[in-house]
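Asks:
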Amino acid sequence: MKDSQELSGNVTGNKIVMSGIRPTGFLHLGNYFGAIRNYIRMQESNECYFMVADLHSLTTHPDTKSLKSNVHRVLAENIACGLDPDKAAFFCQSQVYETAELYLYLNMLAYKGELEKTVTFKDKVRQHPENVNAGLLTYPVLQAADILLHRASFVPVGKDQEQHLEMARNFANRFNHRYGDVFPEPQAFNFNETLVKVPSLDGTGKMSKSENAMATLYLADDDDMIRKKLMKAKTDSGPTEKNSVKPDYIENIFLLMGLVSAPDTVASYEADFNNASIRYGDLKKQLAEDMIRFISPIRQKAADILSNEKYLAEVMEKGAQKARVSAQKTMKLVREVMGLNYY
Ligand code: ADP
1 MKDSQELSGN
11 VTGNKIVMSG
21 IRPTGFLHLG
31 NYFGAIRNYI
41 RMQESNECYF
51 MVADLHSLTT
61 HPDTKSLKSN
71 VHRVLAENIA
81 CGLDPDKAAF
91 FCQSQVYETA
101 ELYLYLNMLA
111 YKGELEKTVT
121 FKDKVRQHPE
131 NVNAGLLTYP
141 VLQAADILLH
151 RASFVPVGKD
161 QEQHLEMARN
171 FANRFNHRYG
181 DVFPEPQAFN
191 FNETLVKVPS
201 LDGTGKMSKS
211 ENAMATLYLA
221 DDDDMIRKKL
231 MKAKTDSGPT
241 EKNSVKPDYI
251 ENIFLLMGLV
261 SAPDTVASYE
271 ADFNNASIRY
281 GDLKKQLAED
291 MIRFISPIRQ
301 KAADILSNEK
311 YLAEVMEKGA
321 QKARVSAQKT
331 MKLVREVMGL
341 NYY
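Read the sequence shown against the numbering used here and you will find it ends at 343, with the numbers running on by one and no gaps.
(1) Just reading off the alpha helix (DSSP H) that PRO140 is part of, what are its end residues?
(2) Along the chain, where does the alpha helix (DSSP H) that runs through TYR269 open and close?
(3) Am I right that VAL203 and ASP146 are in contact with their C-beta atoms under 8 angstroms? What's the rounded C-beta distance?
(4) How do the segment 104-122 and the segment 57-76 stand: do at least 3 beta-carbon pairs fall below 8 angstroms, yes or no?
(5) Are the segment 225-232 and the segment 261-271 touching, with three or more C-beta to C-beta distances below 8 angstroms?
(6) Starting from TYR49, trace the beta strand (DSSP E) both ways and give me its first and last residue.
(7) Counting beta carbon pairs with one atom in the segment 79-92 and one in the segment 312-319, are three or more of them shorter than 8 angstroms?
(8) How about LEU165 and VAL157: are their beta carbons less than 8 angstroms apart?
(9) Measure the alpha-carbon distance for GLY30 versus ASN341 and round it to whole angstroms.
(10) When you compare the CB positions of GLU73 and LEU306, do they come within less than 8 angstroms of one another, or not?
(11) Beta carbon of ALA152: closer than 7 angstroms to some heavy atom of the ligand ADP?
(12) To which residues does DSSP link CYS92 through a beta bridge?
(13) Would you say the beta carbon of PHE369 is closer than 7 angstroms to some non-hydrogen atom of the ligand ADP?
(14) Ends of the alpha helix (DSSP H) at SER296?
(15) Helix or strand or just coil, what does DSSP make of HIS72?
(16) Report back the beta-carbon spacing between ALA80 and ALA302 to the nearest angstrom; my notes put them in contact at under 8 angstroms.
(17) Using the C-alpha atoms, what's the distance from TYR39 back to LYS117?
(18) Using 8 angstroms for Cβ pairs, my map puts SER296 next to ASP223. What's the rounded Cβ distance?
(19) With distance defined between alpha-carbon atoms, name the residue in ILE278, TYR179, ALA213 and ALA144 nearest to SER244.
(20) Given THR330, which residues of its chain have a CB within under 8 angstroms of its CB, disregarding the five upstream and five downstream residues?
(21) Quick check: the Cα distance between ARG41 and TYR343, rounded to an integer number of angstroms?
(22) By a C-beta neighbour count over all protein chains shown, 10 Å radius and 16 as the cutoff for buried, is ASP221 buried or exposed?
(23) When DSSP labels each residue in this structure, what does SER4 get in the three-state scheme?
(24) For HIS177, count neighbouring C-beta atoms within 10 Å of its own C-beta (all shown protein chains included) and say buried if the count is 16 or more, exposed if not.
(25) Excluding the 5 residues preceding and the 5 following MET338 in the sequence, name in chain order all residues of the same chain whose CB lies nearer than 8 angstroms to its CB.
(26) Measuring CB to CB, does LEU55 end up less than 8 angstroms from LEU142?
(27) Is it the case that the CB of PHE33 approaches a heavy atom of the ligand ADP more closely than 7 angstroms?
(28) Quick check on ASP160: buried or exposed, where buried means 16 or more other Cβ atoms within 10 Å of its Cβ?
(29) Would DSSP call PHE154 helix, strand or coil?
(30) So is ARG22 buried or exposed if we call it buried at 16+ other beta carbons inside 10 Å?
(31) Pull up the distance between the alpha-carbon of PRO186 and that of VAL266, whole angstroms please.
(32) With a cut-off of 8 angstroms on the beta carbons, I'd call ALA262 and TYR49 a contact; round off their distance for me.
(33) Please state whether DSSP places LYS65 in a helix, a strand or coil.
(34) For the ligand ADP, is there any heavy atom lying closer than 7 angstroms to the beta carbon of THR24?
(35) Looking at ALA53: is its Cβ nearer than 8 angstroms to the Cβ of GLY20?
(36) For MET51, which residues from the same chain have a beta carbon less than 6 angstroms from its beta carbon, with the 5 sequence-adjacent residues on both sides left out?
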């Protein structure tokens with residue numbers, strides 16, 4: 001089995017691509033660099049299915065009061081980043097009912113032991129011991145259903161999703177082995193050499209929609225908020241010797257700079273670090289200005305799109321229609337090989 005890194009950068013076009021983002025809050029820099037940036041490149045020459053994963057969000061956010069506005073936000077922010085609903089099928093997961101059917105069949109091929117060992121499941125159990133529901137346990141099965149429903153072979157995601165993709169390959173292989181060859185093996189994909197993990201600003205873990213808001217840069221943050229968050233990012237008094245090894249939290253700041261600043265800016269601060277003459281205050285100020293230049297046009301565009309509900313409804317309707325055509329084709333095949341076609 002090939003690993004995701006091997007495939008990075010090798011998409012030549014005409015592949016089936018699928019991915020999703022949960023509507024659990026404001027999109028952030030991790031969503032952009034882990035997922036959306038790749039969506040935008042892949043939509044040019046591949047058959048792309050991108051969805052707002054509202055069913056997945058129910059596993060951790062059962063209260064649906066703010067679901068509609070969150071769904072709208074994910075749609076608007078993706079489009080503001082450059083996702084084109086005319087090129088890709090951009091839809092809402094719950095509007096493609098075949099997902100639930102395939103999820104049911106795949107659940108019979110997924111084992112309690114392997115599901116309980118999933119890192120994301122164990123994290124969620126730790127965070128919310130009061131809500132360990134079966135949907136949470138079978139989250140990777142639903143994700144596999146989303147992907148396999150379109151017989152996708154490439155899945156642009158961040159590093160946090162690597163294990164889920166491996167499980168999707170296992171479920172696909174088990175299905176193919178038991179019933180007949182229907183599904184390709186889906187691979188996690190990133191255009192860079194490796195899958196991206198955008199770290200949180202407090203030096204622990206990754207940026208995330210639902211955790212520490214001050215340590216995550218949102219695509220909706222205003223300029224002052226971006227400055228404030230970056231100036232608070234963890235640093236120290238600087239290296240005392242030349243060519244020191246960077247502590248993790250400094251490495252993280254350079255990683256963020258590598259994403260949004262010009263290469264010669266990064267190189268100049270790298271040189272300062274290696275000469276033990278770096279001033280972290282200056283580094284963070286520079287990073288803040290570069291980050292603002294990156295985020296603020298997206299924020300403004302997303303706000304415009306968000307105010308146009310009619311347009312968002314049209315996007316969802318058109319996306320769901322495209323996704324249903326592909327889903328129905330797959331499910332016909334699935335029922336046939338499973339022997340569920342009685343007349
Ligand atoms: P979140 O964890 O913020 O709720 P989702 O689970 O909805 O995000 O993930 C949507 C996409 O964004 C996935 O492809 C995921 O791999 C990617 N992603 C989320 N956080 C990060 C991060 N900090 N760095 C890189 N990619 C990320």
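We put the beta carbon where it would ideally sit given N, CA and C, even for glycine.
Replies: Looking at the atomic coordinates:
(1) 139-148
(2) 263-274
(3) A quick correction: the sequence has Gly, not Val, at residue 203. No, GLY203 and ASP146 are not in contact; Cβ-Cβ is about 33 angstroms, not under 8 angstroms.
(4) no
(5) no
(6) 47-52
(7) yes
(8) yes
(9) 44 angstroms
(10) What sits at residue 73 in the sequence shown is Arg, not Glu. Yes, the pair counts as a contact, with Cβ atoms nearer than the cut-off.
(11) no
(12) VAL52
(13) Past the boundaries of the shown model lies residue 369; the chain is included only from 1 to 343, so the question cannot be answered.
(14) 280-306
(15) helix
(16) 4 angstroms
(17) 29 angstroms
(18) 6 angstroms
(19) ILE278
(20) GLU98, LEU102, LEU148, LEU149, HIS150, ARG151 and VAL182
(21) 44 angstroms
(22) buried
(23) Because the pLDDT at SER4 is just 41, under 50, the model does not fix this residue reliably, and the point stays unresolved.
(24) exposed
(25) TYR105 and TYR179
(26) yes
(27) yes
(28) buried
(29) strand
(30) buried
(31) 35 angstroms
(32) That pair is no contact at about 34 angstroms.
(33) coil
(34) yes
(35) yes
(36) GLY20, PHE91 and GLN93
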